[in-house]
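Residues 1 to 541 (full-length UniProt numbering) are what the sequence shown spells out, left to right.
Reviewing the structure listed below.
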Amino acid sequence: MLPSPTSSPASREMLRNRTNTPKRTRKPSLLDFPTPPPDSEKKAKKRVAAEVKGNPSKKAKVVVDDPFIDEESEESDVDEEEEGSDDDVVEAIRAKRNTVGRVTNSRVYRHASVYNTMNVVTRPILQTFVSSSKSDVYKSTSNATANDLTPPYACAFSNGSKAGKSTLLAVATEEGSIHVLDTKPRSDWDCEPQRVTIQPHDNGIFAVQWNKSDTLLASCSGDHSARISCLEKEETIHVLRGHTATVKCVTWDPTHQDLLTTGGRDGTICLWDLRAGEQRRQEGDSSFIEPVITILGAHDEGGSVGKPRPRRKKNVPIPRSITNVLYPERQPYGLVSSGSSDGVLRCWDLRLPTPGKKGKTTKPKITSPVHASPIDPTTLHGSRRPRGIISLTAGFGPSEGLLFGLGADFKVHTYALPTLANIPVDYKHQNLQATSFSIGLSTSPCGQWLACGSSGQNGSCFLFDIKNAARPFYNSHSLGTGVELRGQRGDICAVDWSSESLATCADDGTIRLWRPDLVTYRECQEQPEEKQWEWAWSHHY
């Protein structure tokens, strides 16, 4: 017969590991609390509400992952005023708290079975973007007189700005000049920091890009050339000629500092190597660099790809313009391009050029893409004809492996790498228009947000939450439409993100900086008549 567990110390020690209540070896955690049944949860919520209502000085403690609460703080207060607020942001916070936590003994506890960081919605943060009409507005001054303004066509934050190390923004204008602005936050009465202005072109600049070290700027223009400018010298150091029409887009090779690619309205993609010797033209003293590889008719129909286009005559179709080129992540030898004729993306392998014929000066060519999008997303949903892709941008972080393309059908389509297949997630807004091929699109450095310009007189920019775009069975309509930013006039031709702000360029000759500020946003919501002269803020439905 076994001895009783309580008969002697020796027997208790012998059966210690055989009892149903093992000794704890760690401190209890919040995740150790069991999930209460639904009835007890409702009773607990009612008890907390009654306690707060009966004693306003007593507040319920909460522990949640809230976008408006400091991450280092483990507690936040929920008072009676917040419970009765009709503000959309507060409603979003309350809905999120009910999703990720539960109320037990006047405290909201997180539970591993219901809390998932991938499901957190960041759209409420986008709703808090505001812009000061004094300190966040910069003017695109004309070369003729300082009082005149010229439309900015393109803008780009430096790589240091995207990493949080600097605040430099390059803005390209219709007159062919580039203004480098210091966009660090300042008070309303501070003067704008001194800007650097260079003049690489005499025609409009449609794209500008920083190199990896933020020492050079690549620009492409309507003068059929691309140029490399040095900020330290404040002058143009390289001229790139190889297109026969306007150069629409330019991008640097992320794996090599001397390589870059351009695309033009002549349907040609040119690859450049800045180490190639500059060659003289007989008609003048100007020197330029020729492309090392060309892709002729990159988005033409199958049979004409790689063939030179004859001089345009009657009944000859207009060239299919190249609207965007970019180097996809984790594909160091790949290049993705989009065109103005349809929503099909094409991927090119830069290691497979066809050499030119011996005895001739013909440059190496690439005659066929590796693969292309199997389905044109612009032809879906009952469209009668395909529409072109206006702007193209790549995802980062949670949206890595995705490409986002703004189509002429007023939608932002999503593509998956490396197949370039369209996935059934698109973003749109009832006020979003894209009637010009100069509308910009940009992904935030964190990879969670997407900014899109727009055509029209309202001067609107649209923000979308793309954090969960890669999740299976994700529906972009579940979050509602995008957030609209209004504060300028005319088309928003260019947008770009830094680590702390968003820049938008409009036809009215202004550049605005937008930053998330919950306190100012709520003040603008409460006093719209008074704040409209000092601030611009988001609109959402």
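Even glycine gets a Cβ: it sits at the ideal position worked out from N, Cα and C.
Anticipated Cβ contact below 8 Å, residue i with residue j, distance rounded
i: residue 546; j: S454; result: One cannot answer for residue 546 here, as it falls past the ends of the chain, which runs 1 to 541.
i: D300; j: R320; result: 6 Å
i: W449; j: L126; result: 6 Å
i: L403; j: Y415; result: 4 Å
i: R227; j: H238; result: 7 Å
i: T378; j: G407; result: 5 Å
i: R343; j: H413; result: According to the sequence as given, residue 343 is Gly; it is not Arg. Contact holds; Cβ gap of about 6 Å.
CB of residue i within 7 Å of CB of residue j, strictly
i: L518; j: A503; result: no
i: L441; j: T481; result: no
i: T251; j: L296; result: no
i: L420; j: S368; result: no
i: C230; j: V247; result: no
i: D188; j: K134; result: yes
i: V130; j: T510; result: no
i: D223; j: A245; result: no
i: I289; j: A276; result: yes
i: S538; j: V483; result: yes
Option nearest residue i by Cα separation, candidates the options
i: L274; options: P152, V180, G339, Q257; result: Q257
i: S337; options: A536, A276, K363, T262; result: T262
i: residue 545; options: I322, P200, S368; result: For residue 545 there is no data in the structure shown, the boundaries of the chain being 1 and 541.
i: G487; options: P355, V247, K531; result: K531
i: T236; options: S287, G222, K248, T251; result: S287
i: E232; options: T145, Y521, V180; result: V180
i: G388; options: Y427, T323, T122; result: T323
i: A470; options: E234, P398, D214, D507; result: P398
i: I293; options: G509, R186, K363, Y327; result: K363
i: L352; options: S341, F462, Y333, V344; result: Y333
i: T215; options: N159, R346, R515, D253; result: N159
i: L217; options: D266, A170, W497, V344; result: A170
i: I318; options: T167, S340, V425; result: S340
i: I423; options: G405, E234, H429, T435; result: G405
i: G447; options: P185, G395, N143, E484; result: G395
i: V137; options: T197, R515, P328, H224; result: R515
i: T122; options: S444, W533, N458; result: S444
i: E457; options: D376, W537, A434, K467; result: This sequence places Gln at residue 457; Glu is not what is there. The candidate whose alpha carbon is nearest that of Q457 is A434.
i: K212; options: G222, T255, E526; result: T255
i: P151; options: F206, L168, S166; result: F206
Pairwise C-alpha distance: residue j and residue i
i: T173; j: G204; result: 6 Å
i: P124; j: C505; result: 24 Å
i: R384; j: K162; result: 40 Å
i: W348; j: E500; result: 34 Å
i: W210; j: F437; result: 22 Å
i: W272; j: C524; result: 49 Å
i: C191; j: L417; result: 45 Å
i: G264; j: C249; result: 7 Å
i: F462; j: Y153; result: 18 Å
i: I366; j: T354; result: 6 Å
i: R195; j: R522; result: 33 Å
i: D409; j: S391; result: 12 Å
i: C493; j: D507; result: 7 Å
i: I178; j: V208; result: 9 Å
i: W497; j: F157; result: 7 Å
i: E529; j: D182; result: 31 Å
i: G164; j: G382; result: 44 Å
i: P291; j: L260; result: 10 Å
i: D253; j: L350; result: 11 Å
i: S142; j: I198; result: 12 Å
i: L345; j: E534; result: 43 Å
i: E81; j: E234; result: At E81, the pLDDT of 42 sits below 50, so the modelled position is not reliable and the matter cannot be decided from this model.
i: C270; j: P185; result: 39 Å
i: L380; j: S225; result: 36 Å
i: L240; j: F464; result: 36 Å
i: P193; j: C155; result: 18 Å
i: K411; j: V325; result: 19 Å
i: D376; j: V425; result: 14 Å
i: A451; j: L168; result: 19 Å
i: L335; j: D202; result: 29 Å
i: S132; j: A536; result: 6 Å
i: S166; j: E526; result: 34 Å
Contact with chain C by residue i, beta-carbon distance below 7 Å
i: L231; result: Protein chains in the displayed structure number just one, and chain C is not present.
For the region 432 to 462, list the alpha helix (DSSP H) runs that are entirely contained and at least 4 residues long, ordered along the chain. Listed in chain order, nothing qualifies, since the region 432 to 462 has no complete alpha helix (DSSP H) run of 4 or more residues.
Beta strand (DSSP E) runs wholly inside the region 236 to 285, at least 3 long, in chain order: As far as the region 236 to 285 is concerned, its whole beta strand (DSSP E) runs of at least 3 residues are 247 to 252, 259 to 264, 269 to 273.
Beta strand (DSSP E) segments (min. 3 residues) lying fully within the region 378 to 422: Runs of the beta strand (DSSP E) inside the region 378 to 422: 389 to 394, 402 to 407, 412 to 416.
What residue ranges within the region 117 to 143 form continuous beta strand (DSSP E) runs of no fewer than 3 residues, ordered along the chain? DSSP runs (the beta strand (DSSP E)) wholly in the region 117 to 143: 129 to 132, 137 to 139.
Which ranges does the beta strand (DSSP E) cover as unbroken runs of at least 3 residues, wholly within the region 157 to 221, from first to last along the chain? Runs found: 168 to 173, 178 to 182, 196 to 198, 205 to 210, 216 to 221.
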